[in-house]
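For the sequence shown, this note's numbering assigns the number 52 to the initial residue and increments by one for each residue that follows.
Beta carbons are placed, not taken as given, at the ideal position from N, Cα and C, and that holds for glycine.
For reference, the structure discussed in these notes is given below.
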Amino acid sequence: MQIIESIEDFRKISHKKEDKVGLVPTMGALHEGHLSLVRAARRENDIVLVTIFVNPTQFGPEEDFLQYPRNIERDLDFLKKEGVDLVLIPTVDDMYPDGFSTTVNVGKLSEKFEGQFRPGHFNGVATVVTKLLSICRPTIAYFGAKDAQQCAVITKINKELNLGVEISIQPTIRDENGLALSSRNYYLSGSEKSTANLIFHTLDEMSKSWKNGNKNSKILIDQAISTLQSDQSIELNYLAIVDSEHFEEVDTPKYDDLIIIAVKIGSTRLIDNITLT
Numbered sequence: 052m053q054i055i056e057s058i059e060d061f062r063k064i065s066h067k068k069e070d071k072v073g074l075v076p077t078m079g080a081l082h083e084g085h086l087s088l089v090r091a092a093r094r095e096n097d098i099v100l101v102t103i104f105v106n107p108t109q110f111g112p113e114e115d116f117l118q119y120p121r122n123i124e125r126d127l128d129f130l131k132k133e134g135v136d137l138v139l140i141p142t143v144d145d146m147y148p149d150g151f152s153t154t155v156n157v158g159k160l161s162e163k164f165e166g167q168f169r170p171g172h173f174n175g176v177a178t179v180v181t182k183l184l185s186i187c188r189p190t191i192a193y194f195g196a197k198d199a200q201q202c203a204v205i206t207k208i209n210k211e212l213n214l215g216v217e218i219s220i221q222p223t224i225r226d227e228n229g230l231a232l233s234s235r236n237y238y239l240s241g242s243e244k245s246t247a248n249l250i251f252h253t254l255d256e257m258s259k260s261w262k263n264g265n266k267n268s269k270i271l272i273d274q275a276i277s278t279l280q281s282d283q284s285i286e287l288n289y290l291a292i293v294d295s296e297h298f299e300e301v302d303t304p305k306y307d308d309l310i311i312i313a314v315k316i317g318s319t320r321l322i323d324n325i326t327l328t
């Protein structure tokens with residue numbers, strides 16, 4: 052496994068033109084969710100490339116950039132065991148040199164839900180992903196469905212900027228209680244983690260109710276909010292049912308729409324979603 056720490060050095064690496072290259076962009080603090088993306092890339096490509104970069108431009112001033120979990124040696128050990136070929140670990144100065152002022156803005160999609168609670172977040176995501184796709188030039192790039200709005204943003208920029216990369220959205224990986232795996236789960240205490248299990252339980256109950264004939268978004272959401280309010284340690288940011296492309300709220304949920312949620316438990320903010328199937 053080759054580890055590269057500068058964009059310039061990465062560009063000197065050559066591979067066969069016909070090789071399929073799978074890219075898994077990460078911010079490190081790897082868990083089984085990330086590794087499931089790596090395994091998908093390994094199955095489908097000749098070369099697997101992982102990037103590790105904690106992107107400062109997608110964190111707000113009151114967010115956890117400095118506290119975000121980092122353990123490069125552990126991450127590299129995981130990646131080596133998974134048969135990764137290349138790991139790019141660029142510095143902030145390399146990605147955003149002095150005078151850098153270009154950003155990618157995807158408009159209305161970036162301003163709602165996560166964008167409303169984290170102003171500027173999706174501009175940071177869109178910019179760094181555009182840069183990474185440009186630097187790495189993969190055949191396929193892999194992302195997790197847990198970050199559904201991020202996936203919609205990335206799909207949009209790839210299409211509208213003609214980046215020519217296949218975007219592969221992989222299923223959310225959950226623990227035995229249904230909690231979506233996230234690097235931010237490291238912040239949770241034992242009791243907070245138990246509380247967080249209510250997130251998936253709520254989504255699952257909404258999905259079951261929809262399957263049983265409840266096709267009214269307001270009723271589904273009101274019932275779910277009542278469940279969440281039973282635990283006062285949960286602060287609800289949003290709970291909505293939206294279409295998966297534009298994240299417009301829907302009155303009558305249909306197949307492939309998303310139930311999306313964001314909550315705060317203690318000091319930890321968690322997001323999740325479920326697809327209606």
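Check                                                                                            : Outcome
N-terminal and C-terminal residue of the alpha helix (DSSP H) that PHE116 is part of             : From DSSP, PHE116 is part of no alpha helix (DSSP H); its letter is neither H nor E.
Helix, strand or coil at SER277 according to DSSP, with G and I counted as helix                 : helix
C-alpha distance - LEU86 paired with LEU100, whole-angstrom precision                            : 12 Å
Whole alpha helix (DSSP H) elements within the segment 129-167, 4-residue minimum                : 143-146
Segments assigned alpha helix (DSSP H), at least 4 residues, entirely inside the segment 195-272 : 199-211 and 241-262
Where ALA177 falls: helix, strand or coil (DSSP)                                                 : helix
TYR289 - partner residues in DSSP beta bridges                                                   : ALA313
ASN324 versus SER152 - alpha carbon distance                                                     : 33 Å
Any C-beta of chain B under 8 Å from that of ASP144                                              : Absent from the structure: chain B. Only one protein chain is present.
Nearest to VAL135 (by Cα), restricted to the options ASN96, ILE220 and LYS182                    : ASN96
First and last residue of the uninterrupted beta strand (DSSP E) at VAL75                        : 72-77
Beta carbon of VAL216 nearer than 8 Å to that of LEU160                                          : no
ILE276 versus HIS252: straight-line alpha-carbon distance, rounded                               : 12 Å
Proximity below 8 Å, CB of SER268 to CB of ASP307                                                : no
Within 8 Å, strictly: CB atoms of ILE191 and GLY84                                               : no
CA-to-CA distance, PRO304 to THR108, given in whole angstroms                                    : 34 Å
C-beta contact flag for ALA291 and PHE164 at 8 Å                                                 : yes
Whole-angstrom distance between ILE64 and PHE316, CA atom to CA atom                             : Per the sequence shown, the amino acid found at residue 316 is Ile instead of Phe. For ILE316 and ILE64, the distance between alpha carbons rounds to 44 Å.
Unbroken alpha helix (DSSP H) run spanning VAL89, endpoints                                      : 83-95
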